[in-house]
Amino acid sequence: MSRIRNLPRRAATLLRSMADLTMREKRHLVAEFSQVKGLMPLLMKPRNQQHWTAEDRAQMTQHLRRLSRVSPYLVVLVMPGGFIMLPALAWWLDRRRARGRVRAGGGA
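Just so you know, we're using my numbering here: the sequence shown kicks off at 180 and counts up by one.
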């Protein structure tokens, strides 16, 4: 009987944690996209009869690595009903990130 009484409280806690998770991932996405702003001028250099320098190539590599970390989000958002799946994707990616930290620190 106490489980039934606590149901609204647990539901509110679940919604609050999902909202917190969504906000954290939204901040992460905004930060990543703000770092990629300089990619387009770099990509357009050959079309404008300019050559890429070693520094340009290094910057493009950094930008493309950032985009590859963000691409799972983009796939989910493009899919029908994907916005609803965003918290589940964020949870899954967070678990993967935490598991990677344990492996890196554990030495196993």
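Quick reminder that beta carbons are idealized off the backbone N, C-alpha and C, glycines included. Here the structure is a predicted model, which is why all the values come from computation and not from measurement.
Apart from the five residues just before and just after residue i, which ones in its own chain have a Cβ nearer than 8 Å to its Cβ?
i, result
"residue 249", "208, 211, 212"
"residue 221", "231, 235, 238, 239, 242"
Residues in its own chain within less than 7 Å of residue i by CB, not counting five upstream and five downstream?
i, result
"residue 195", "none"
Just reading off the alpha helix (DSSP H) that residue i is part of, what are its end residues?
i, result
"residue 223", "218-223"
Which residues in the same chain have their Cβ closer than 6 Å to the Cβ of residue i, if we skip the five residues on either side of it in sequence?
i, result
"residue 259", "none"
Measure the beta-carbon distance from residue i to residue j and round it to whole angstroms, keeping in mind my assumption that it falls under 8 Å.
i, j, result
"residue 272", "residue 251", "7 Å"
What residue ranges within the segment 232-256 form continuous beta strand (DSSP E) runs of no fewer than 3 residues, ordered along the chain? none
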